[in-house]
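Each step along the sequence shown adds one to the number in the UniProt record's numbering, with nothing skipped, and position 184 is 184.
These notes concern the structure reproduced below.
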Amino acid sequence: QLDSVELDHEIFIVLKNQLNSVITNLPLEVTYFEPELQTLLKIVLWMLSVKRTSATFGQQLLRLKYPKHTPTKTLSLLGILQIGTSYLKQRLPNLLSLCRFQAASDLGYKIVDWGEFVTNIISILYFIKFLRKGGAPTFLEYFLGVKPISTVTPSSRNVGYSFMTRELIWHGLIEFLVLVIPMINYHALKRRFKKYLMFNTPEKRDELFNQQEITKDNLKCGVCKNFPILPHHMGCSHLFCYYCLLSHRMADKKFECPICGYSNPEVSIIPLSLKW
Numbered sequence: 001q002l003d004s005v006e007l008d009h010e011i012f013i014v015l016k017n018q019l020n021s022v023i024t025n026l027p028l029e030v031t032y033f034e035p036e037l038q039t040l041l042k043i044v045l046w047m048l049s050v051k052r053t054s055a056t057f058g059q060q061l062l063r064l065k066y067p068k069h070t071p072t073k074t075l076s077l078l079g080i081l082q083i084g085t086s087y088l089k090q091r092l093p094n095l096l097s098l099c100r101f102q103a104a105s106d107l108g109y110k111i112v113d114w115g116e117f118v119t120n121i122i123s124i125l126y127f128i129k130f131l132r133k134g135g136a137p138t139f140l141e142y143f144l145g146v147k148p149i150s151t152v153t154p155s156s157r158n159v160g161y162s163f164m165t166r167e168l169i170w171h172g173l174i175e176f177l178v179l180v181i182p183m184i185n186y187h188a189l190k191r192r193f194k195k196y197l198m199f200n201t202p203e204k205r206d207e208l209f210n211q212q213e214i215t216k217d218n219l220k221c222g223v224c225k226n227f228p229i230l231p232h233h234m235g236c237s238h239l240f241c242y243y244c245l246l247s248h249r250m251a252d253k254k255f256e257c258p259i260c261g262y263s264n265p266e267v268s269i270i271p272l273s274l275k276w
């Protein structure tokens with residue numbers, strides 16, 4: 001029943017968006033009557049659904065309808081209250097703003113605010129009651145004694161647990177991955193993957209940093225391939241951005257230079273000092 005209410009709301013939203021797209025191309029005077037146009041749209045939907053089949057479009061999709069013995073006057077009153085209250089909620093602020101007497105306008109605003117507050121409280125309390133005991137999905141339907149019923153004849157059900165078993169396995173796998181993946185050192189796995197599976201891995205070098213070996217080809221960061229910001233090195237003759245080098249060393253203590261393969265976990269990152 002709650003799903004049918006949501007479906008009716010979504011159907012109205014889709015049609016309202018189409019209506020708004022048409023209104024935007026019309027003169028500004030027409031947009032002032034947007035609440036009236038939306039109310040007219042709701043009336044058309046009500047006439048095509050409840051008036052003809054005693055069920056809203058959302059209820060028809062879920063095979064629900066109002067009982068046959070429901071009086072036509074009751075359904076008409078339900079439609080008037082549902083459509084009329086939403087229209088008044090949209091239009092009353094504009095009507096009160098046109099009032100010449102400020103005191104009367106302020107009093108009207110207070111009455112509207114209190115009325116909206118009371119209806120919201122009643123809706124919340126009734127929704128709690130509906131969740132506990134069932135019945136009509138909205139307070140207006142409960143107040144008028146109208147309750148949607150299923151149009152499907154009850155029949156014996158064959159319960160199968162294959163779907164539930166798949167869901168349990170899937171959720172268990174997701175929870176396992178969420179627990180395990182953060183513990184995996186991606187950078188270390190990437191280094192080992194390149195070491196054992198790639199054929200173009202640079203040969204390891206153990207020489208210390210030599211500033212004279214810095215050439216034009218070595219002036220770019222070995223990680224991001226851009227000119228280094230706050231240039232540092234890790235013992236070899238290649239430069240890195242401070243952030244690039246520090247982040248990779250923090251993620252993988254045995255981080256190797258992508259160019260020459262040099263690695264020395266005991267040496268900390270060293271800023272580049274130029275001698276003039």
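For glycine and all other residues, C-beta sits at the position ideal for the given N, C-alpha and C.
Please read all numbers here as calculations on a predicted model, not as lab measurements.
May I ask you to list the residues that DSSP assigns as paired with I121?
-> Residue pairing from DSSP leaves I121 without any beta-bridge partner.
Express the C-alpha separation of I184 and Q212 in angstroms, rounding to a whole number.
-> Model confidence at Q212 stands at a pLDDT of 49, short of 50, so the residue's coordinates are unreliable; what they give is reported in the following sentence. Approximately 39 Å, taken between the alpha carbons.
Straight-line gap, A55 to L64 (C-alpha atoms, nearest Å) = One C-alpha to the other measures close to 7 Å.
By Cβ distance below 6 Å, which residues in the same chain neighbour C236 in space, the five residues on each side in sequence not counted?
-> If we look at C236 and ignore the five residues flanking it on each side, its Cβ neighbours are C257, C260, Y262.
Just checking my contact of L144 with L78 at CB under 8 Å: how many whole Å lie between their CB atoms?
-> That pair is a contact at about 5 Å.
Could you spell out the range, first to last residue, of the alpha helix (DSSP H) harbouring N94?
-> In the DSSP assignment, N94 falls within the unbroken alpha helix (DSSP H) covering 72-97.
Give a yes or no on contact between the segment 42-54 and the segment 68-86, applying the rule of three or more CB pairs nearer than 8 Å.
-> Judged by pairs of C-beta atoms under 8 Å, the segment 42-54 touches the segment 68-86, as three or more such pairs exist.
Could you spell out where the alpha helix (DSSP H) holding M69 opens and where it closes?
-> Residue identity check: residue 69 is His in the sequence provided, not Met. Careful: H69 lies outside any alpha helix (DSSP H) and carries neither H nor E.
Determine the direct distance from the alpha carbon of Y243 to that of Y230, and round the result to whole angstroms.
-> Before going further, note that residue 230 is Leu rather than Tyr in the sequence given. Cα-Cα distance, rounded: 8 Å.
Take L15 and list the residues in its own chain whose beta-carbon comes closer than 7 Å to its own, dropping the five residues that flank it on each side.
-> Excluding residues within five positions, the ones whose Cβ falls inside 7 Å are L41.
Cβ-based neighbour list, T74, same chain, cut-off 8 Å, excluding 5 preceding and 5 following | Around T74: L144, G145, V146.
L272 versus F240, D252, A251, residue with shortest Cα-Cα distance = It is F240.
So which of W170, G222, D113 has the shortest CA-CA distance to L245?
-> Measuring from the Cα of L245, the nearest candidate turns out to be G222.
Is DSSP giving F130 helix, strand or coil here?
-> Here DSSP, grouped into helix, strand and coil, assigns F130 to helix.
When the distance is taken between beta carbons, is D8 closer than 7 Å to F58?
-> A small fix is needed here, since residue 58 is Gly in this sequence, not Phe. Against a cut-off of 7 Å, the Cβ pair of D8 and G58 comes out as a contact.
What first and last residue would you give for the alpha helix (DSSP H) that runs through V223?
-> Counting along the chain, V223 falls outside any alpha helix (DSSP H), and DSSP gives it neither H nor E.
According to DSSP, which residues form a beta bridge with H232?
-> Bridge pairing for H232: F240, P271 [DSSP].
Limits of the unbroken alpha helix (DSSP H) element including I174 = Note, I174: alpha helix (DSSP H), 162-180.
Separation of S268 from V178, as counted between CA atoms = Rounded to whole angstroms, V178 to S268 spans 33 Å at the Cα level.
Reference F193; option with closest CA among F255, V118, M234 = Comparing Cα-Cα distances from F193 to each of F255, V118, M234, the minimum goes to F255.
How close, in whole Å, do the beta carbons of P67 and I149 come, if the pair is a contact with beta carbons under 8 Å?
-> That pair is a contact at about 6 Å.
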